[in-house]
Structure formats: C-alpha cells, structure tokens
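Enquirer: Mind having a look at this structure? Questions to follow.
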Amino acid sequence: MENVFKKSIESDSHNIFKWENLGDIKTGRGDLGEDMPVLVYRLMQFTMLDVMTKRFGVDKTNELFRDAGFLAGLEFAKAALDLTVDLDSFVANLQKALEDYRIGILRMEAFDPESGNLVLTVAQDLDCSGLPITNETVCTYDEGFIAGILKAYTGETYRVREIDCWANGDRVCRFNGVVE
C-alpha cells in the first residue's frame, strides 16, 4: 500500500514544485488580486507547523520547513533575480525583490569575502514581525529560503541560522550564513 501511495504522490504534478505551477494568479484571482493579508499566510504556516510538530516533533518539523524554504529560495532566485551580476548588484536586486514581493526589508550587516560568511537582517518579516515574545527564534522557513537564494547565486552550500528574532524580543530577524 505504501508504494502505491508514494507513486500516486509522485505522479501528481501539483505535489512536485515547479515555479510555473504557481499559476497565473492575476487571471485566476480576478477581482481579489494578487495580495492577501499576512494573517492568512501565517494562518497557513502556523497551522502546518502545529500539525507537523505534533506528528513529527520539533526537530523534524524544523528540518522540513528549512528544506521547503530552501527549495522556495532556490526557485525564487532563479525566477526573480539576475544571478549573473556582481555581489553589490545582487544584494541591491535582492533587497528590491524582497520589498516588491513584500517579504521583508533586507540589510547586509557583514560579509567576509574570503570565507563567504555573512550576517544579514530582515525587518518587517512575514513570519514573525509583530508576534508575541516567546523567547525563541521561529523563522526556520526563512533560514532555508535565504540558504536557497545564496546557493542559487554562489553555488555554495550555506548553513543559515537565525540568531535574533522578533519572537525573542528583537525588532529584526538576524541571520548568520556560513559556507559549509
């Protein structure tokens, strides 16, 4: 039974992510348009986190959210960014794209050209800005998203971890990216 189920999942094109499977949102949503409240995004994300955490535990859920974020970041970078420009232009383009898509406001705080390691912040982040303080970092999806973008641009594998978060009392999310 498990193999039949797995084959069914693999054969359903909507279960295999491709950028073009996101569809023609302008046409499909006609009167409602492309925008939606952040509340609706968080409703989907936090209920998925809740269900997955109960089923798989915190560590596995975080791993899955990072993996999903990585895939999203990789495909977002390929579809929305020029990956052939110098670093300064790339960061400027990324800042503009994240603002245009209303994902957040990116700032590069530090970059070591020798190692490739970096520290960046995202303000007004989709995932956590405005959440109650719980003394934890919660942006595991964003960790993967940033790692995917960096992989698409540099070809390097990054381990990205959030070191400051709105949910732990900060007003921006700060991420440390280390080339593995």
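For the sequence shown, the positions run 0 to 179 when numbering that gives the first Met the number 0 is used. Where is the CB? At the ideal position from N, CA and C, for every residue including glycine. A quick note: this is a predicted structure, and the numbers were derived from the prediction, not measured.
Counting contacts by CB-CB distance shorter than 8 angstroms, is Ala78 in contact with chain B?
Expert: Among the protein chains of the structure shown there is no chain B, as only one such chain exists.
Enquirer: Rounded to the nearest angstrom, how far is the Cβ of Val121 from that of Glu142, given a contact under 8 angstroms?
Expert: Val121 to Glu142, Cβ: 11 angstroms. No contact.
Enquirer: Tell me whether Asn16 is buried or exposed, calling it buried when 16 or more other Cβ atoms sit within 10 Å of its Cβ.
Expert: Before going on, a small fix: residue 16 reads as Phe here, not Asn. Its Cβ having fewer than 16 others within 10 Å, Phe16 is exposed.
Enquirer: Less than 8 angstroms separating the beta-carbons of Phe174 and Ile145?
Expert: yes
Enquirer: Under 7 angstroms Cβ to Cβ from Val98, same chain only, skipping five residues before and after it: list those, please.
Expert: What sits at residue 98 in the sequence shown is Glu, not Val. Excluding positions up to five away in sequence, the list reads Ile104.
Enquirer: Whole angstroms are fine: how far does the CA of Thr52 sit from the CA of Leu93?
Expert: Going from the Cα of Leu93 to the Cα of Thr52 covers about 31 angstroms.
Enquirer: Excluding sequence positions up to five away, which residues of its chain have a Cβ less than 7 angstroms from the Cβ of Leu70?
Expert: Phe16 and Gly147
Enquirer: One question on the structure: do Ala96 and Ala79 come within less than 8 angstroms of each other, judged by their Cβ atoms?
Expert: Annotated as proximal: Ala96 and Ala79, with beta-carbon spacing under 8 angstroms.
Enquirer: To which residues of the same chain is Phe64 closer than 6 angstroms at the C-beta, ignoring the five residues directly before and after it?
Expert: Thr139 and Tyr140.
Enquirer: Using a Cβ-Cβ cutoff of less than 8 angstroms, which residues in the same chain neighbour Asn167 once the five nearest sequence positions on both sides are dropped?
Expert: Close CB contacts of Asn167 within its chain, under the 8 angstroms cut and outside five residues either way in sequence, are with Ile132, Thr133, Asn134, Glu135 and Thr136 (chain order).
Enquirer: Could you name the residues that DSSP lists as bridge partners for Ala109?
Expert: Within the DSSP bridge table, the entry for Ala109 names Val118 as partners.
Enquirer: Within a Cβ cutoff of 8 angstroms, which residues of the same chain sit near Glu33, ignoring the five residues on either side of it in sequence?
Expert: Ile24 and Lys25
Enquirer: From the DSSP output, read off the bridge partner residues of Cys172.
Expert: Val121
Enquirer: Rounded C-beta distance between Leu38 and Lys150? I'm assuming under 8 angstroms.
Expert: No, Leu38 and Lys150 are not in contact; Cβ-Cβ is about 31 angstroms, not under 8 angstroms.
Enquirer: If Glu161 sits next to Cys172, beta carbons under 8 angstroms apart, how far is it from one beta carbon to the other, in whole angstroms?
Expert: 6 angstroms
Enquirer: Can you grab the Cα-Cα spacing for the pair Met0 / Phe45, in whole Å?
Expert: Its pLDDT being 42, under 50, Met0 is placed unreliably by the model, and nothing is read from it.
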